[in-house]
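Which chain is which? The protein sequence lines are D and R, in order. Take the first sequence: its letters are residues 1 to 103, numbered as in this note's numbering. Take the second sequence: its letters are residues 104 to 206, numbered as in this note's numbering. Just so you know, even glycine gets a beta-carbon here, dropped at the ideal spot from N, CA and C. First up is the structure itself, then whatever we jot down about it.
There are 2 protein chains.
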Amino acid sequence: MNPDEPALTEVPVTAVLFALADPVRLQIVGELSGGGEHPCGHLGPDMPKATRSHHLKVLREAGLTSTRREGTTKFVRLRAQEVGERFPGLLDAVLPVPAEPAR
Amino acid sequence: MNPDEPALTEVPVTAVLFALADPVRLQIVGELSGGGEHPCGHLGPDMPKATRSHHLKVLREAGLTSTRREGTTKFVRLRAQEVGERFPGLLDAVLPVPAEPAR
DNA sequence: GAGCATGTTCGAGAAAAGTCGAACTATGGC
DNA sequence: GCCATAGTTCGACTTTTCTCGAACATGCTC
Numbered sequence: 001m002n003p004d005e006p007a008l009t010e011v012p013v014t015a016v017l018f019a020l021a022d023p024v025r026l027q028i029v030g031e032l033s034g035g036g037e038h039p040c041g042h043l044g045p046d047m048p049k050a051t052r053s054h055h056l057k058v059l060r061e062a063g064l065t066s067t068r069r070e071g072t073t074k075f076v077r078l079r080a081q082e083v084g085e086r087f088p089g090l091l092d093a094v095l096p097v098p099a100e101p102a103r
Numbered sequence: 104m105n106p107d108e109p110a111l112t113e114v115p116v117t118a119v120l121f122a123l124a125d126p127v128r129l130q131i132v133g134e135l136s137g138g139g140e141h142p143c144g145h146l147g148p149d150m151p152k153a154t155r156s157h158h159l160k161v162l163r164e165a166g167l168t169s170t171r172r173e174g175t176t177k178f179v180r181l182r183a184q185e186v187g188e189r190f191p192g193l194l195d196a197v198l199p200v201p202a203e204p205a206r
């Protein structure tokens, strides 16, 4: 298995919490929580790409996201099902009402 | 209200997650999750009292715990109800099954 | 009061995280 | 091949945490 996208069971709870305990990353997770794939470059607030890449790596290594390459861009998605199975209710408890359907 | 024990609505989600994203503090929360008050000095793994005091302060300022003095010792309890109201399911998702229901 | 216990605060060192420019890699179009 | 685009990695810097000894504060008992 790709060591960069570990199984949730391999990741310490504290690592998952740590990944979520940052405003930028939590915002990214919030944007992803609507479902589907998002082009990596537009996630979160405006910031240098090195910084964004860093935050996405933290989320990825915490097992929270999955990435797929398509041409020159990468698409990120929330591993909602796996997270939900390992930590039921966590995302719901932490995300500010992702009810906000489409915009 | 005691600024040291803020209302959970005053605390950013990320601060709560940050407080939980440390092995020592998460262990303390786990020990508290059984309910009731615990003498402050025996919580978590063995460590210098300055360090324990620091971790308990982080938990307190995140709104996760409440402290009551009785004589020379302080008793800590988890603010389970308030946390549950503000972040339903968070503690259950994050604590390693304190109840061990069946099988 | 002195002595003792339990915690907090202060200060400093070490370790870790966040930020971001620059260099590098990978892919696609020409 | 060359060039542009999208991301990653590297390196340096800044900021924040963690840790813990030492000093201080508080409350109890004698």
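Within the same chain, show all residues whose beta-carbon is closer than 8 Å to that of residue i, passing over the 5 residues directly before and after it, in chain order.
| i | result |
| --- | --- |
| Arg155/R | Cys143, Gly144, Leu146 and Gly147 |
| Glu134/R | His141, Leu146 and Gly147 |
Which same chain residues, not among the five before or five after residue i, have their C-beta less than 7 Å away from its C-beta?
| i | result |
| --- | --- |
| Glu203/R | Bear in mind that a pLDDT of 48 at Glu203/R, under 50, signals an unreliable position, so the model cannot answer this. |
| Pro96/D | Gly30 |
Mind checking residue i: buried by the 16 CB within 10 Å criterion, or exposed?
| i | result |
| --- | --- |
| Arg103/D | Bear in mind that a pLDDT of 46 at Arg103/D, under 50, signals an unreliable position, so the number given afterwards is only what the model happens to contain. That one is exposed. |
| Ala7/D | exposed |
| Thr72/D | exposed |
| Arg172/R | exposed |
| Pro12/D | exposed |
| Ala124/R | buried |
| Ala19/D | buried |
| Leu17/D | buried |
Since residue i and residue j are thought to touch, with beta carbons under 8 Å apart, how far apart are those beta carbons, to the nearest angstrom?
| i | j | result |
| --- | --- | --- |
| Leu90/D | Ala183/R | Leu90/D to Ala183/R, Cβ: 17 Å. No contact. |
| Arg128/R | Val161/R | 6 Å |
| Arg163/R | Glu108/R | 6 Å |
| Leu181/R | Leu167/R | 7 Å |
Going by alpha carbons, who is nearest to residue i out of the options?
| i | options | result |
| --- | --- | --- |
| Ile131/R | Val186/R, Glu108/R, Asp149/R and Arg171/R | Asp149/R |
| Val105/D | Val83/D, Ala21/D, Gly84/D and Thr67/D | With chain D covering 1 to 103 only, the question about residue 105/D has no answer from this structure. |
| Lys49/D | Gly34/D, Lys74/D, Gly35/D and Ser33/D | Lys74/D |
Within its chain, find whatever has a CB closer than 6 Å to the CB of residue i; leave out the 5 residues flanking it on each side and keep chain order.
| i | result |
| --- | --- |
| Ala118/R | Ala165 |
| Glu185/R | Leu111 |
Selection of the stretch 12-36 of chain D by Cβ proximity to chain R, strictly under 7 Å: Val13, Thr14, Leu17, Phe18, Leu20, Ala21, Asp22, Pro23 and Leu26
For the stretch 171-196 of chain R, list every residue whose C-beta sits within 7 Å of some C-beta in chain D, in sequence order. Phe190, Pro191, Gly192, Leu193, Asp195 and Ala196
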